[in-house]
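Counting with the working numbering, you get residues 256 to 628 for the letters of the sequence shown.
Everything below concerns the one structure shown next.
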Amino acid sequence: MSIDLTATNASKIASALLLERRKAGSPSMGMVLTLIVITDEGDHYDALKAARAVSREHPARILGVIRRPARGAANLDAEIRIGEGGSGETVLLRMSGELAKHPESVVLPLLLPDSPVVAWWPAKPPEDPATDPIGALAQRRITDTASVGRGRSHAILTQATHYAPGNTDLSWTRLTSWRALLAAALDQYPAKVIGGEVQAERVNPSADLLVAWLTQRLKVDIQRGVTKGPGITSVSLRTGGGDITISRPDGALADFAIPNAPARPVALKRRELPELLAEELRRLDPDDVYAQTAKSLCRIAERTAESPAKGSASTARSEGPDSAGSKGVARTKSAGSKKSISKKPAAKKVTPKEVTPKGAAPKKASAQSSARS
């Protein structure tokens, strides 16, 4: 069932939702949360499709928010869908004019009472989701830096820098299977890890987070290798008795190997968006492990930024003796010139007959002036 409302307001939308539930014979709400999807015209179809698929496991009121250019008169259009591909309600809100600058004023009256609120940015997220007008309404804020068109590495670093309790990123959710498999490997072969490497596509936020997580948990340096993908292709941990390796070249099946044991295949497929979103909605409390990983990622970025600066400083120090030597040569030349000047015959004394012109310096003073120069 679909209802279109034009030039409407939040009160009319809430009344329409209640009326349609009564028509369907279920006036009570069986939904457990409100999922706010902040998207745009180009991505809203796929985002709402994934959200409706998730609502089969987590019945929710889905509020899609599209902010059009803030020009012209304030206007609100809404599309209401009930019972189409999900067990909850879907409301697509299109805001324009001055209203687009204050989307929270429309969203707030439509939130389910006494239930959690989750905000999801399927495309480009704000730099600080916790201070975003809609993000401030939510207990959990989900971003997906892997969907950013350009600057994905910078985007995940920005999210890590502005981490707040309740924030998470789907790039971190994609690592759940990898982290579980690596933890199982160290349980089977409990050896001290002395190094490691993560190989993935050149720009992959999940790989950056995996490097940060391993660095934080194992207290060793983890290298970052580049491959053609797809996604993360392999992880290796070096130990004194051999390497622990997980290799997934095709994005579906991985080879798992530990020292003194044959390699064996393991299912490690790349999961679809609804699976990732459903996993995040199963847990609505802050993710402490992600918080520690975000701090580790920031520390790694700081060390990487300091390395070129240290290299420049060492170059300047290596050039120091040359500059000091040139100063020494200058001092030697100056001393030499003074010595040569001192060997010159003394200036002839002025006799009473020789009258020095008014304002002219004596010859001896002129020689001393030349020595100082």
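Ideal Cβ placement from N, Cα and C applies to all residues, glycine included.
Values in this document were obtained by computation on a predicted structure and should not be read as measured data.
Residue from the options with nearest C-alpha to residue i
i, options, result
"P364", "L274, I477, G285, T289", "T289"
"R457", "R479, P371, L465", "R479"
"L441", "G497, P368, K379", "G497"
"E382", "L367, L532, T398", "T398"
"A265", "R472, A391, E359", "E359"
"E530", "E353, A302, A415, L273", "A302"
"A462", "R405, I513, T400", "T400"
"T413", "Y444, G390, R434, P384", "P384"
"H357", "N330, R434, A455, G506", "N330"
"L367", "P380, E344, A355", "E344"
"G406", "Y418, P380, I258", "P380"
Residue i versus residue j: straight-line alpha-carbon distance, rounded
i, j, result
"M350", "A516", "60 Å"
"A439", "I501", "12 Å"
"S432", "N459", "16 Å"
"D510", "S489", "9 Å"
"K474", "Y300", "43 Å"
"D298", "R311", "21 Å"
"V453", "A415", "19 Å"
"P504", "T386", "40 Å"
"T423", "R396", "6 Å"
"I487", "S402", "16 Å"
"G506", "P485", "6 Å"
Beta-carbon separation (whole angstroms), residue i vs residue j, contact threshold 8 Å
i, j, result
"L539", "Q394", "6 Å"
"W427", "I293", "Rounded, the Cβ-Cβ distance is 19 Å, inconsistent with contact."
"T494", "I555", "Wrong, their Cβ atoms sit about 22 Å apart, outside the cutoff."
"A533", "H313", "7 Å"
"G352", "A328", "5 Å"
"T548", "A467", "5 Å"
"V481", "S370", "Going by Cβ atoms, the distance from V481 to S370 rounds to 44 Å, so no, they are not a contact pair."
Chain-order list of residues whose beta-carbon lies under 6 Å from that of residue i (same chain, five-residue window excluded)
i, result
"L347", "G319, E334"
"P324", "none"
"A568", "For A568, the predicted structure reports a pLDDT of 45, less than 50, and the residue's modelled location is therefore unreliable. A value from the coordinates is still provided. Cβ neighbours of A568 beyond the five flanking positions: none."
"S597", "The predicted model places S597 with a pLDDT of 40, which falls under 50 and marks its position as unreliable, so this point remains unresolved."
"G528", "Note on identity: in this sequence residue 528 is Leu, with Gly being the wrong assignment. Taken in chain order, the residues that qualify are A305."
"S551", "A467, T470, Q471"
Proximity of residue i and residue j at Cβ, strictly below 8 Å
i, j, result
"I637", "A262", "Absent from the structure is residue 637, since the part of the chain shown begins at 256 and ends at 628."
"L492", "L464", "no"
"V373", "I317", "no"
"Y444", "I389", "no"
Own chain residues within Cβ distance below 8 Å of residue i, not counting five before or after
i, result
"L436", "I501, A509, F511, V521, L523"
"I449", "V475, R493, T494, G495"
"A269", "P364, L365"
"S562", "none"
Close-in-space but distant-in-sequence residues of the same chain around residue i (CB under 7 Å, 5 per side omitted)
i, result
"P541", "P420, G421"
"D295", "I321, A378"
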